[in-house]
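J.: Chains as they are written, first to last, in this note's numbering: chain A, 109 to 205; chain B, 109 to 205.
Number of protein chains: 2
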Amino acid sequence: MGKFGKELIESMQQAAKHAAGKKVRGLRVSKVELPDVKAIRLSLRMSQHHFAAAYRIPLPTLKNWEQGRRVPDAPAAAYLLAIKRRPKEIMEAVARP
Amino acid sequence: MGKFGKELIESMQQAAKHAAGKKVRGLRVSKVELPDVKAIRLSLRMSQHHFAAAYRIPLPTLKNWEQGRRVPDAPAAAYLLAIKRRPKEIMEAVARP
DNA sequence: GAGTTATGGACGCCAATGGCGTATACTTCT
DNA sequence: AGAAGTATACGCCATTGGCGTCCATAACTC
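Here's what the structure looks like:
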């Protein structure tokens with residue numbers, strides 16, 4: 109299997125894990141179904157470095173999200189949703205002059 | 109003076125305060141010049157409630173930003189920058205189906 | 001092979017934020 | 001007068017952002 113397929117599978121597994129963890133105990137029940145960052149990035153065929161730079165997300169933060177160590181908060185989730193749906197427009201909108 | 113003008117002035121003062129506080133001591137030197145949330149919202153002539161709902165930002169979080177109690181982190185700042193430059197597209201992108 | 005570069009996974013640490021709540025005040029309505 | 005809408009102000013605490021470092025793997029170049 110190619111490395112690309114492998115990555116996609118891992119991404120799926122991660123997404124499933126997220127869907128499962130509903131944060132029953134805490135107060136945090138995400139209203140925005142949080143998008144799979146890695147899937148979005150791979151669909152754009154960008155490296156973590158490039159993706160982070162293009163959308164002005166600190167690289168360590170992006171890594172944390174993709175590794176499942178941190179969960180994007182509500183504003184970040186909304187941002188990612190916007191990126192997912194209109195990648196180009198957003199990239200242009202936040203591009204450095 | 110109309111209330112609208114007054115709000116704009118306050119918004120300006122707040123922006124100036126932000127520009128001044130460079131966070132010399134801390135580690136946090138924002139790379140994205142953080143946009144003035146209130147100015148953006150008022151330019152769209154939306155209430156805090158509507159703005160928060162439209163862009164999927166929790167209302168208390170929006171309030172914290174506008175009151176200067178909290179500063180949007182990097183991903184949020186990028187999101188706000190995108191909203192500032194392409195308000196309509198972003199609103200449609202994150203709209204609930 | 002050895003070295004270099006790019007990529008990304010894993011983990012520790014700390015201050016700052018998010019998210020929720022309540023209370024107060026000021027308009028603008030009915 | 002009361003109700004509804006808007007906005008400021010503040011407390012609390014778990015969680016996150018942002019930084020750092022180390023390590024592993026490819027894909028080059030010398």
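Each residue gets a CB set at the ideal place from its N, CA and C atoms; glycine is no exception.
Report the CB separation of LEU152/B from PRO195/B in whole angstroms; it is logged as a contact under 8 Å.
T.: As a working mapping, residue 152/B is identified with position 44 in the second sequence. As a working mapping, residue 195/B is identified with position 87 in the second sequence. At roughly 6 Å, the Cβ-Cβ gap stays under 8 Å, so LEU152/B and PRO195/B are in contact.
J.: Measuring alpha carbon to alpha carbon, tell me which of PRO205/B, ASP144/B and ALA201/B ends up nearest LYS192/A.
T.: Locating residue 192/A in the first sequence gives position 84, counting from the first residue. Cα-wise, what sits closest to LYS192/A is ALA201/B.
J.: Just confirm the distance between the C-beta atoms of PRO214/A and TRP173/A, as a whole number of angstroms; I'd bet it's less than 8 Å.
T.: Beyond the ends of chain A as shown, which are 109 and 205, falls residue 214/A; an answer cannot be given.
J.: Report back the beta-carbon spacing between ALA190/A and ILE198/B to the nearest angstrom; my notes put them in contact at under 8 Å.
T.: The residue given as residue 190/A occupies position 82 in the first sequence. The residue given as residue 198/B occupies position 90 in the second sequence. Right, the Cβ-Cβ distance comes to about 5 Å (below 8 Å), so this counts as a contact.
J.: Let me confirm a value: ARG164/A is counted as buried when at least 16 other C-beta atoms fall within 10 Å, else exposed. Which label applies?
T.: The sequence position of residue 164/A within the first sequence is 56, counting from 1. Looking at its Cβ environment, which holds 16 or more other Cβ atoms inside 10 Å, ARG164/A is buried.
J.: Considering only the beta carbon of each residue, do ALA185/A and LEU170/A sit closer than 8 Å?
T.: Position 77 of the first sequence holds residue 185/A. Position 62 of the first sequence holds residue 170/A. Against a cut-off of 8 Å, the Cβ pair of LEU170/A and ALA185/A comes out as no contact.
J.: Can you say whether PRO168/A is buried or exposed, counting buried as having 16 or more other CB atoms within 10 angstroms of its CB?
T.: Along the first sequence, read from residue 1 onward, the residue named residue 168/A stands at position 60. Classification for PRO168/A: exposed.
J.: So is ARG178/A in contact with chain B if we call contact Cβ pairs under 8 Å?
T.: Indexing the first sequence from 1 puts residue 178/A at position 70. No, ARG178/A does not count as interfacial toward chain B.
J.: Does any C-beta atom of chain B lie closer than 8 Å to the C-beta of ARG194/A?
T.: Taking the first residue of the first sequence as 1, we reach residue 194/A at position 86. Closer than 8 Å to some Cβ of chain B, the Cβ of ARG194/A qualifies, so yes.
J.: Note down, in chain order, every chain B residue with its Cβ under 7 Å from the Cβ of ALA186/A.
T.: Here residue 186/A corresponds to residue number 78 of the first sequence, with the count starting at 1. Result: TYR163, ARG164, ILE165, TYR187 and VAL202.
J.: Pick helix, strand or coil for ARG177/B, following the three-state DSSP scheme.
T.: As a working mapping, residue 177/B is identified with position 69 in the second sequence. Coil at ARG177/B, not helix or strand.
J.: Specify the secondary structure class of TYR163/A as computed by DSSP and reduced to three states.
T.: One-based indexing of the first sequence puts residue 163/A at position 55. Coil, per DSSP.
J.: Rounding to the nearest angstrom, what Cα-Cα distance links GLY176/B and SER155/B in this structure?
T.: Reading the second sequence from its first residue, position 68 is the one you call residue 176/B. Reading the second sequence from its first residue, position 47 is the one you call residue 155/B. GLY176/B and SER155/B: Cα-Cα distance of roughly 17 Å.
J.: Can you find a C-beta in chain B that's less than 8 Å from the C-beta of GLU197/A?
T.: Here the question's residue 197/A lines up with position 89 in the first sequence. Yes, because at least one Cβ of chain B sits closer than 8 Å to the Cβ of GLU197/A.
J.: Might you give, ordered along the chain, the residues of its own chain that have their beta carbon closer than 6 Å to the beta carbon of ARG204/A, omitting 5 neighbours on each side?
T.: As a first step, residue 204/A is located in the first sequence; it is residue number 96 there, counting from the start. Once the five neighbours on either side are set aside, ARG204/A has no close Cβ partner at all.
J.: In whole angstroms, what separates the C-alpha of VAL145/B from that of TYR187/B?
T.: Within the second sequence, the letter at position 37 stands for residue 145/B. Within the second sequence, the letter at position 79 stands for residue 187/B. Cα to Cα, the separation comes out at about 11 Å.
J.: Return the chain-ordered list of same chain residues with a C-beta closer than 6 Å to the C-beta of ARG149/A, the five sequence neighbours on each side being excluded.
T.: In the first sequence, counting from the first residue as 1, residue 149/A sits at position 41. Around ARG149/A: PHE159.
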